[in-house]
């Protein structure tokens, strides 16, 4: 009897060890994939020459303690290439499902919940409110709250990201953007160029399109990346 119990105990230990190894390998695989996704972001920012040109301009033409207000997608470029601080560096939990990596695999959300350094909900919400502000005073108040000296936007990318930007504020994207039947990036770019999709000419929209905007001096523009100095 004791031999049987001992055998069963050893088998249980073996199966437990196997289960632990399987779980470890699964989590290790998720961790590797998560890190690869994070590195892919900086690779994209450094390989896109138009974006890189904007980041390098920041590095060469702004004070070393300057802070940049930009949507979180470009934060790594500002920090790693431009060597300047940003207001938000990552997405917040409130808009986590707008992160492409979260939707890569059915289990990707687990990795993000474990290792992603989510930004403060309040900060991301405020940056979103900057972009949807309908007057310069509201926008500049938010920028000054976080000590921002410059604003970096990307055209036409940020119009496409405006859905997520509006969602971060708790408002409905339909209040700011119309519907479109565009199915590809090329079709969406044409829609953006026509500007018909825009319902509200917010401060963010005006900056993205390169419009002259009171309180903001355009200091860099390569037709894609636009950088403004906050002058009030």
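Numbering (this note's numbering), first residue to last: 1 to 232. C-beta: ideal position from N, C-alpha, C; glycine also.
Practice item. Pick helix, strand or coil for residue 85, following the three-state DSSP scheme. Key: strand
Point to revise | For residue 99, the three-state DSSP class (helix, strand or coil) | key: coil
Exercise for review: Enumerate in chain order the residues of its own chain whose CB-to-CB distance from residue 192 is below 6 Å, with the five nearest sequence positions on each side excluded.
Suggested key: 156, 159
Review point. What are the start and end residues of each continuous alpha helix (DSSP H) run of 4 or more residues lying completely inside the segment 169-231, in chain order?
Key: 185-194, 203-208
Review point. Residue 168 and residue 120 look like a contact to me (Cβ under 8 Å); what is the Cβ gap, rounded to whole Å?
Key: The pair is not a contact, with the Cβ atoms about 11 Å apart (cut-off 8 Å).
Practice item. State the beta-bridge partners of residue 154 as determined by DSSP. Key: 225
Check your understanding: Can you pull the DSSP bridge partners for residue 68?
Key -> 86, 150
Exercise for review: Just confirm the distance between the C-beta atoms of residue 87 and residue 127, as a whole number of angstroms; I'd bet it's less than 8 Å.
Suggested key: 6 Å
Exercise for review: Would you kindly work out how many angstroms separate the C-alpha atoms of residue 52 and residue 10, rounded to a whole number?
Suggested key: 59 Å
**Study point:** Straight-line gap, residue 230 to residue 149 (C-alpha atoms, nearest Å)
**Key:** 6 Å
Exercise for review: Using alpha carbons as the reference points, say which of 111, 170, 195 lies closest to residue 180.
Suggested key: 195
Point to revise | Backbone CA spacing between residue 147 and residue 18 [nearest angstrom] | key: 53 Å
Review point. Of the residues 60, 48, 69, which one's Cα is nearest the Cα of residue 145?
Key: 69
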